[in-house]
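Here the structure comes first, spelled out in structure tokens, and everything after it is commentary.
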Amino acid sequence: MSTPLPPLPAFPPGFLWGASASAFQTEGAADTDGKGPSGWDAFAAQGRIKDGADASRATGFHARYREDVALLAGLGADAFRFSVSWPRVVPGGSGPVNAAGLDFYDRLVDELCAHGITPAPTLYHWDTPLPLDEAGGWLNRDTAARFAEYASAVAARLADRVPMWITINEPAEVTLLGYALGEHAPGRQLLFDALPAAHHQLLAHGLAVQALRAAGAENIGIAVSHSPVRAAGTSEEDRFGAELYDTITNWMFADPILTGRYPDENFAALMPGPVAEDLGIISAPLDWYGVNYYQPMLVGAPSSDALGDFAGVGLPAELPFGVREIESEQRTDFGWAVVPDGLREQLVLLKDRFGDRLPPVYITENGCSYDGLDDRRRIDFLDGHLRSLHQAIEAGVDVRGYFTWSLTDNIEWVEGAAQRFGLVHIDYETLERTPKASYAWYRDAIAAQKASH
């Protein structure tokens with residue numbers, strides 16, 4: 218029998234405890250109630266999901282959302298971070314709004330509110346409407362304008378009941394994996410010519426902030442992935458590679474949002490359009506800033522033994538950096554290093570870099586892939602990362618809440634159903650939900666925190 222973990226230290230009063238999900242990974246119902254196809258639907262139809270998992274069915278959340286909201290209520294969760302499917306709401310990417318699609322999110326928000334759970338929708342979690350993808354996707358400036366129109370439509374329906382909004386999830390991953398390396402939808406392999414996709418997502422974020430506020434929405438943020446980057450060696454090539462990777466993955470998005478500048482003038486010069494004017498829109502003040510953290514990165518000069526990004530994607534030799542496997546005593550089933558202190562390290566880095574420009578922070582994703590219902594390793598992972606998070610708060614970082622990834626197992630993009638990130642097990646044959654040991658642990662941890670205040 219495993220030794221019980223000591224209680225977590227007390228988090229500040231009002232700290233928000235939540236769990237996360239996304240539309241493509243859970244909803245299914247790919248052509249229900251007028252939903253249009255997304256770029257990811259088309260990508261999956263090409264056989265790009267490794268284990269052949271049926272993303273058009275996913276976990277059946279569209280039909281079973283009440284069951285999953287009941288699971289959230291059983292956790293004692295304060296909030297649920299879900300995403301709105303852009304092609305479910307605006308099937309063509311522009312033009313008519315699909316009222317039936319919005320009706321689903323209306324019902325979901327009402328169900329969450331009825332259980333006292335804060336709805337925290339993400340407007341873009343990678344599922345671009347297919348017509349926009351086929352017209353260039355995020356390489357096309359027009360996509361940012363269409364995103365703002367979509368944001369306005371969603372807010373017009375939901376802003377009266379939604380007290381927390383997220384514009385875009387992980388624009389760095391969309392740029393790198395979708396446009397630079399081609400491992401994710403839309404499958405482009407443009408390397409540094411993918412930079413316009415970064416700029417247009419940032420512009421879409423800024424325009425969406427304007428649209429949300431105009432529609433009466435409040436408490437707006439963004440979810441950005443962050444990882445401490447460590448140099449693989451002491452050579453000039455290793456240091457250069459690590460600094461470049463750090464700039465691209467950590468600061469290419471955070472700096473424009475929080476300071477109104479790109480971290481490197483060379484990159485700024487490669488961005489399309491009236492960049493200075495756009496940066497004024499991109500840097501509109503936020504109410505909070507979301508951090509997605511999974512593991513640190515070890516980066517150096519390009520080499521034959523370099524692995525790729527954190528998802529194990531191989532990097533072309535043309536890139537001036539290579540990612541190595543970071544040393545760690547423990548790894549998840551995905552092969553990712555378990556380094557809880559990296560969360561504290563990254564949050565302190567953000568505070569030191571941005572000072573008063575850094576708004577209050579929420580951890581919008583943090584989790585791990587482990588198989589089995591008796592998932593003690595997930596419990597240890599969550600416990601370690603929450604202790605690290607508490608240390609960041611003690612160090613002066615204003616962290617207001619934590620969303621674990623994820624509530625249920627889900628379709629892990631190209632990895633399919635093989636990687637299980639959920640507190641709740643999904644049987645992909647029957648779609649039956651079974652809470653894991655980590656669900657009970659998180660429930661008890663939340664209850665203990667609330668009892669301490």
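Per the working numbering: the sequence shown = residues 218 to 670. Ideal Cβ positions, reconstructed from N, Cα and C, are used throughout, including at glycine.
- Nearest neighbour of residue 437 by Cα position, chosen from 384, 399, 479, 408, turns out to be 384.
- Counting only the Cα atoms, residue 451 lies some 43 Å from residue 338.
- Residue 254 and residue 239 have their C-alpha atoms roughly 16 Å apart.
- Using a Cβ distance threshold of 7 Å, residue 251 and residue 274 do not count as a contacting pair.
- The DSSP-derived three-state label of residue 543 is coil.
- Taking C-beta atoms under 8 Å as the contact rule, residue 421 and residue 459 fail to qualify, at a distance of about 29 Å.
- Counting only residues of its own chain and dropping the five nearest sequence neighbours on each side, residue 590 has a CB closer than 7 Å to the CB of 642, 651, 653, 654.
- Rounded to the nearest whole angstrom, the C-alpha separation of residue 489 and residue 593 is 48 Å.
- The secondary-structure analysis by DSSP pairs residue 299 across a beta bridge with 338.
- For the 7 Å CB-CB criterion, residue 334 and residue 294 form a contact.
- For residue 514, the secondary structure class from DSSP, reduced to helix, strand or coil, is strand.
- Three or more pairs of CB atoms, one per stretch, sit closer than 8 Å, so the stretch 341 to 351 contacts the stretch 293 to 311.
- Taking the C-beta atoms as reference points, residue 396 is found no nearer than 7 Å to residue 425.
- DSSP lists no beta-bridge partner residue for residue 399.
- C-alpha of residue 257 to C-alpha of residue 401: approximately 8 Å in a straight line.
- Contact annotation: residue 622 and residue 562 have beta-carbon atoms that are not nearer than 7 Å.
- Partner residues in the beta bridge of residue 642, as assigned by DSSP, are 651.
- In the three-state reduction of the DSSP assignment, residue 234 falls in the strand class.
- Counting C-beta atoms within 10 angstroms of its own C-beta, residue 409 has fewer than 16 neighbours from the protein chains shown and is therefore classed as exposed.
- Less than 7 Å separates the beta-carbon of residue 302 from that of residue 344.
- Here residue 583 carries a coil assignment [DSSP, helix/strand/coil].
- In the DSSP annotation of this structure, the continuous segment of the beta strand (DSSP E) that includes residue 442 starts and ends at 437 to 442.
- Annotated three-state conformation of residue 479 is coil, per DSSP.
- Per DSSP, residue 385 is one residue of the beta strand (DSSP E) stretching across 382 to 386.
- Per DSSP, the unbroken beta strand (DSSP E) holding residue 448 starts and ends at 446 to 448.
- Between residue 236 and residue 603, the C-beta gap is not smaller than 7 Å, which leaves the two residues out of contact.
- When DSSP states are grouped into helix, strand and coil, residue 572 belongs to the helix group.
- Beta bridge pairing from DSSP links residue 358 with no other residue.
- Taking 7 Å as the cut-off, the beta carbon of residue 376 is found closer than this to the beta carbon of residue 432.
- Looking only at 616, 393, 659, 627, the smallest Cα-Cα distance to residue 231 is reached by 616.
- A check of alpha carbon separations from residue 571 across 449, 266, 370, 477 identifies 477 as the nearest.
- Residue 263 sits exposed, since fewer than 16 C-beta atoms from the chains shown fall within 10 Å of its C-beta.
- With at least 16 other beta carbons inside 10 angstroms of its own, residue 305 counts as buried.
- Ranked by how close their Cα comes to the Cα of residue 496, the residues 279, 287, 418, 261 have 418 in first place.
- With distances taken between CA atoms, residue 484 lies nearest to 412 out of 412, 341, 656.
- In this structure, DSSP gives residue 625 an extended state, which the three-state scheme calls strand.
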